[in-house]
Amino acid sequence: MNKELYEQGQKVRREVLGDQYVDDAAQNTNDFNRPFQELIAEYVWGTLWSRPGLDRRTRALINIGILTALGRTEELKFYLRAAPNVGMSEEDV
151 MNKELYEQGQ KVRREVLGDQ YVDDAAQNTN DFNRPFQELI AEYVWGTLWS
201 RPGLDRRTRA LINIGILTAL GRTEELKFYL RAAPNVGMSE EDV
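Note that the working numbering has the sequence shown beginning at 151, numbered continuously upward.
Pasting the structure below:
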């Protein structure tokens, strides 16, 4: 695991999804799901969401579109709750 990317990922994850969500995920982390939680923090949030090119609003809108098309309502809820954190308005959604 790249510790720097992991820490950056946790920072971005908190900024987008909120402290409560990240704290709950950490509290529910166990030996079985720890590698998955680390993978999410490092690669999804530390690499993908941190790289230049797209702002967070655009990244979130893309995720909302993909999750809607796939019918992934549980994951979609996270991004809808995070919408104000990334500068999305109700009209955007």
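The beta carbon of each residue, even a glycine, is placed where N, CA and C say it ideally should be.
If you're wondering where the values come from, they're calculated on a predicted model, not measured in any experiment.
Range covered by the alpha helix (DSSP H) that runs through residue i
i	result
M176	According to the sequence as given, residue 176 is Ala; it is not Met. 169-177 is the span of the alpha helix (DSSP H), which, as asked, contains A176.
T197	No alpha helix (DSSP H) holds T197; DSSP gives it neither H nor E.
A219	206-220
F186	184-189
A232	223-232
Proximal residues to residue i (C-beta, below 7 Å), its chain only, five neighbours per side dropped
i	result
T179	Q187
T218	L226
Buried or exposed by the 16-neighbour rule on C-beta atoms within 10 Å, applied to residue i
i	result
L220	exposed
A232	buried
I216	exposed
R243	It is Val, not Arg, that sits at residue 243 in the sequence shown. Counting Cβ neighbours within 10 Å, V243 comes out exposed, since fewer than 16 surround it.
R201	exposed
A176	exposed
Q170	exposed
E224	exposed
E249	Because the chain spans 151 through 243 in this model, residue 249 falls outside it and cannot be assessed.
Beta-carbon contacts of residue i that lie in its chain and below 8 Å, excluding the five residues immediately before and after
i	result
M238	R207, A210, L211
Own chain partners of residue i with C-beta closer than 6 Å, once the 5 adjacent residues on each side are dropped
i	result
I214	Y229
N235	V166
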